[in-house]
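Asks:
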Amino acid sequence: MSLPSRAELEAIAARAGARALHHFRRVTAERKADRSLVTAADREVEAALVAELGALLPDAGILGEEGAAREGRGPYRIVLDPIDGTAAFVAGLGTWCVCIGVLEEARPIAGVVHLPCLGETYSAVGGAACVNGTPLASLGAAGTGGDRFIVTHAHAHRRHRITYPGKVRSLGSTAYHVALVARGVADGALLGHAHLWDLAGPGAILAAVGGGYEYLGGGPVDLGALADGRRAPDYVLAGAPAALAALRPLLGGRTGSP
218 MSLPSRAELE AIAARAGARA LHHFRRVTAE RKADRSLVTA ADREVEAALV AELGALLPDA
278 GILGEEGAAR EGRGPYRIVL DPIDGTAAFV AGLGTWCVCI GVLEEARPIA GVVHLPCLGE
338 TYSAVGGAAC VNGTPLASLG AAGTGGDRFI VTHAHAHRRH RITYPGKVRS LGSTAYHVAL
398 VARGVADGAL LGHAHLWDLA GPGAILAAVG GGYEYLGGGP VDLGALADGR RAPDYVLAGA
458 PAALAALRPL LGGRTGSP
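Per the working numbering, the very first residue in the sequence shown carries number 218; after that it's consecutive.
(1) Would you kindly work out how many angstroms separate the C-alpha atoms of residue 361 and residue 347, rounded to a whole number?
(2) Spell out the partners DSSP gives residue 247 in its beta bridges.
(3) Please list the terminal residues of the continuous alpha helix (DSSP H) segment that includes residue 295.
(4) So does the stretch 252-272 actually touch the stretch 228-241, counting three or more Cβ pairs closer than 8 Å?
(5) Counting only beta-carbon atoms, is residue 452 nearer than 8 Å to chain C?
(6) Closest to residue 426 by C-alpha separation, out of 357, 272, 330, 253, would be which residue?
(7) How many Å lie between residue 244 and residue 446 at the Cα?
(8) With distance defined between alpha-carbon atoms, name the residue in 374, 303, 286 nearest to residue 237.
(9) Identify the residues that DSSP records as bridge partners of residue 193: which are they?
(10) Check this for me: beta carbons of residue 407 and residue 339, under 8 Å apart or not?
(11) Do the CB positions of residue 403 and residue 438 come within less than 8 Å of each other?
(12) I think residue 413 touches residue 444, with their Cβ atoms under 8 Å apart; what is that distance to the nearest whole Å?
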C-alpha cells in the first residue's frame, strides 16, 4: 500500500476546508466530556475525511478527535483533527485548520495543515515540506529577540513564567503553531498537553525541516505512547533541537497546574 501523493492529500484537505467554511460563523458549540468545544462542523468534516482517506488507504488504521476509530492491517495510521482550533472557529476567527497526519508505526511521514480562511496550506510527503507549493527551508537556531516570536498555548500566561525576550503569540490552533515553527517565522512553540491528532500532521512537516517535539521537562515525545488518544503527560515544545535547547530555560518556570 503506497502513500497518497501530496496533491491528493492537499485536495482532500481543501474539500474538507470547504465543508467547514459552509458552517463558519453559522454554528453553535457544545461541550464534550473534557470540556473542549465541538460543533456539527467538526463531526461532518471528520466523517468526510474518514470516507476519503479510508478509501485511499484501505488497510490503514484511523484515529480522529471526534471519535473516528478503525483498526489497521499494516504499519500506516491516519490521524485526523477535522477542525483544529474549534474555539477560534466558534469565535469567528480564521486561524483554525484542517489537520491530516499519516503515521508509519509511531513516525509521522505525511501531513497537511490547511487554513481555508488564510489561504495557507502546509504539507509534507516523502520528507519534503511546502507551504502553498513553495519548499520550506531547513530550520536554523532561534533568534535573540526583537521582532522574533514564539507561539504558545492559550493558558501560558497563567501556567508559565516566560522570560523569552521576543514576542509571545497565541493564535488558537496547535497545528498552526507548529506549522509556523516549520515555516521558520516562529522560534518555537510551547504547546499544551496535546493529543496525537494535534501533533501527527504538523509533526511530519516539522520533521521534514529538521525539527521535532520534546517535552518541556525534557526528553523526546513518543507519539506511539499517545496512540490511544490520551493527552501528552507534559507540555510539548516544537522546534529545531538547537532552538529548543535555547528556549527551554526561558519557558520552564511553572505557576499553575494543567
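Note that CB positions come from ideal geometry on N, CA and C, so glycine has one too.
Just so it is clear, the structure is predicted and the values come from calculations on it, not from any experiment.
Replies: So, from the listed chains and residues:
(1) Residue confidence for residue 361 is low, a pLDDT of 47 falling below 50, so the modelled location carries little weight; the figure read from the coordinates is stated next. Their backbone Cα atoms lie some 26 Å apart in a straight line.
(2) When DSSP reads this structure, residue 247 sits in a beta bridge with 255.
(3) Bounds of any alpha helix (DSSP H) do not take in residue 295; it lies within the beta strand (DSSP E) bounded by 293-301.
(4) Flag = yes, the stretch 252-272 and the stretch 228-241 touch.
(5) Of the protein chains in the structure, only one exists, and it is not chain C.
(6) When C-alpha distances from residue 426 are compared across 357, 272, 330, 253, the shortest belongs to 357.
(7) Here the alpha carbons of residue 446 and residue 244 stand approximately 26 Å from one another.
(8) Measuring C-alpha to C-alpha distances from residue 237 to each of 374, 303, 286 identifies 303 as the nearest.
(9) Examination of residue 193 is not possible in this model, given that the chain is present from 218 through 475 alone.
(10) No; because the gap between Cβ atoms is not below 8 Å, this pair is not in contact.
(11) No, the Cβ-Cβ distance between residue 403 and residue 438 is not below 8 Å.
(12) Taking the Cβ atoms as the reference, residue 413 lies roughly 6 Å from residue 444, within the contact range of under 8 Å.
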